[in-house]
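In my numbering, the protein residues as written are 3 to 110.
Here a beta-carbon is modelled for each residue, glycine too, at the ideal position from N, C-alpha and C.
Predicted model, so just to flag it, every value in this text is computed and none were measured.
I have placed the structure first, in the form of structure tokens, so that the comments after it can refer back to it.
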Amino acid sequence: ADLAEALARGQPAIGDMPTSGSWVQDEQPAELEFTTHRNVEWNEWLRRDMESRQQGPNDAAVWERTIKEFDEGLIDGPWAYEDMEAVLGQGAWRAMRRFGIEQGRKIR
């Protein structure tokens with residue numbers, strides 16, 4: 003499909019995207035390889051960090067939003083550390099911290 007058709011119909015959400023020719027193609031391979039060792043270190047550090055913190059002013063709102071997203075079927079989880087290790091295996095996943103950003107009167 004040409005660019006005009008793609009713009010009219012929309013871009014596919016997945017798969018290869020043909021180059022537009024508007025920018026110089028500069029493909030650079032990743033410098034770091036995926037290793038489970040890095041994930042294990044990160045997950046353990048994040049877990050210790052989260053356990054040592056005091057509850058922040060936005061934490062309750064973030065938790066409520068998480069549960070709402072779960073109830074609406076938008077997310078799977080929340081999962082405990084032990085559950086992730088049991089289901090996916092040690093280091094086969096990477097923990098991410100959820101946090102709220104205040105925008106006006108809302109926390110997003």
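From the listed residues 70, 6, 94, 55, the smallest Cα separation to residue 110 is found for 70.
The alpha-carbon separation between residue 80 and residue 4 amounts to approximately 42 angstroms.
In the three-state DSSP reduction, residue 104 falls in the strand class (E or B). Taking 8 angstroms as the cut-off, the beta carbon of residue 99 is found closer than this to the beta carbon of residue 48.
Ranked by Cα distance from residue 40, the first of 95, 89, 104, 16 is 95. Inclusion of residue 27 and residue 21 in the CB contact set at 8 angstroms is warranted, their separation being smaller than that value. Going by DSSP, residue 90 is part of the alpha helix (DSSP H) stretching over 83-90. When rounded, the separation of the alpha-carbon atoms in residue 9 and residue 24 is 15 angstroms.
A direct Cα-to-Cα measurement between residue 104 and residue 93 gives close to 32 angstroms.
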